[in-house]
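Just below is one structure, and these are the notes that go with it.
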Amino acid sequence: MNFGASLSFEQNRIMANQFYKVLRITFLFIAVQFSAQLWACTYAYQYSLFPLGSSAAEIIFLELELERYVNTPASGEFVFSSDPMSKNTLETRWKGNLKIKSSIDGIVFTLVKELSYIDIPDAEYNSKLEPYFEKGLAFAKTLPYFEEVILEKTAKCAYDRTCGMFSMQIDTIKSELLCQLPDASASKQIIFPEILVSKYQKITNLNVSEQGDAQHASKLEFIRLWKPCSARIYRIGDRQLLVYCIGWGQKRGYIGTKDDNWKLNNYPVDMYIEGNDVMMHGQRFDSCVLF
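My numbering numbers the first residue of the sequence shown as 405 and each following residue consecutively.
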């Protein structure tokens, strides 16, 4: 029996196992680091408002508050797969709450109904959300004296400050942001929800709530970040409702392009779905004005 050959084979086997173990650990470390970087780039937050109609004196809205994240495999083994059912697939997703809310002025909102919590893939954003938009409108139609809105026109600005559909102006004295149409109508002072400001501070490590001169400077820095994303004009009876959408984020890799003019809408209100057009590591926010 050749003990030397056996020993050499066993040593080679042990060395091979150790090599593959190190290789596996290295791969997992790289994968985790890549996942963390991908999460940081992909993360985003949206607060979206979709008017559905009016019930007596109140406007009924479908509210979406969603966060974009990267789903990381529970097994620890990262597989890039086109199969959405694969538990090991690394994919971008949206999760959060859908609610029905009412408002008289488009500023103060009252909860009417918790519609659903969702967790959907970004690649199927519209198709996965469509049933919830239909469900939201169906519920709204059960409310007293309900009248459905008509979405008349839309404008896509794609975070381009040269967008001509609506302007954004900063009052540097009051630290306020104003949006308005080119004809100076529908002027709107943007009031940022506390949750949005809180998430901004967490992302940037900046404190918008500081006191004195520091507060003024931090607010201006916060306001200057925002860019025009889109706008929508609705009609309810003899009134119009305008939704300004603004956002901020890292534009690296963003390929959206702005429209040259307002576009007439061809979709029923429950089939007009948007919201996942958010820049990397950024936020998107809807603000309403009645006129």
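We put the CB at the ideal spot given by N, CA and C, even for glycine.
Residue environment, residue i, which counts as buried when at least 16 other CB atoms sit within 10 Å
| i | result |
| --- | --- |
| residue 641 | exposed |
| residue 635 | buried |
| residue 541 | buried |
| residue 562 | buried |
| residue 533 | buried |
| residue 588 | exposed |
| residue 462 | buried |
| residue 449 | buried |
| residue 544 | buried |
| residue 464 | buried |
| residue 675 | exposed |
| residue 458 | buried |
| residue 496 | buried |
Coarse secondary structure for residue i, derived from DSSP in three states
| i | result |
| --- | --- |
| residue 448 | strand |
| residue 683 | coil |
| residue 427 | At residue 427, the pLDDT of 40 sits below 50, so the modelled position is not reliable; the number obtained from the coordinates is stated separately. DSSP places residue 427 in helix when its eight states are reduced to three. |
| residue 631 | strand |
| residue 569 | coil |
| residue 677 | coil |
| residue 526 | helix |
| residue 579 | coil |
| residue 512 | coil |
| residue 599 | helix |
| residue 559 | strand |
| residue 693 | strand |
| residue 672 | coil |
| residue 505 | strand |
| residue 540 | helix |
| residue 458 | strand |
| residue 688 | strand |
| residue 638 | strand |
| residue 547 | coil |
| residue 520 | strand |
| residue 604 | helix |
| residue 481 | Confidence is the limiting factor: at residue 481 the pLDDT is only 45, short of 50, which leaves the residue's position unreliable, though a coordinate-based value still follows. Residue state, collapsed to three classes: coil. |
Sequence-distant residues of the same chain with beta carbon closer than 8 angstroms to residue i, five excluded per side
| i | result |
| --- | --- |
| residue 535 | none |
| residue 643 | 694, 695 |
| residue 565 | 572, 631, 632 |
| residue 595 | 511, 691 |
Cutoff 6 angstroms; reference residue i; Cβ partners in own chain excluding five residues on either side
| i | result |
| --- | --- |
| residue 624 | 579 |
| residue 454 | 466 |
| residue 527 | none |
| residue 530 | 677 |
| residue 558 | 636, 667, 669 |
| residue 500 | 469, 470, 471 |
| residue 655 | 683 |
Cut-off 7 angstroms between Cβ atoms - residues of its own chain near residue i, not counting five sequence neighbours on either side
| i | result |
| --- | --- |
| residue 560 | 634, 662, 663 |
| residue 520 | 502, 536 |
| residue 592 | 582, 583, 584, 648, 691, 693 |
The ligand SAH heavy atom lying under 8 angstroms from the CB of residue i
| i | result |
| --- | --- |
| residue 633 | Of the ligands one can find in the structure shown there are none, so the ligand SAH has no counterpart to examine. |
Whole-angstrom C-beta distance between residue j and residue i, which should lie under 8 angstroms
| i | j | result |
| --- | --- | --- |
| residue 505 | residue 514 | 6 angstroms |
| residue 470 | residue 679 | 7 angstroms |
| residue 651 | residue 684 | About 11 angstroms separates the two Cβ atoms, so there is no contact after all. |
| residue 600 | residue 447 | About 14 angstroms; that fails the 8 angstroms criterion. |
| residue 639 | residue 553 | 7 angstroms |
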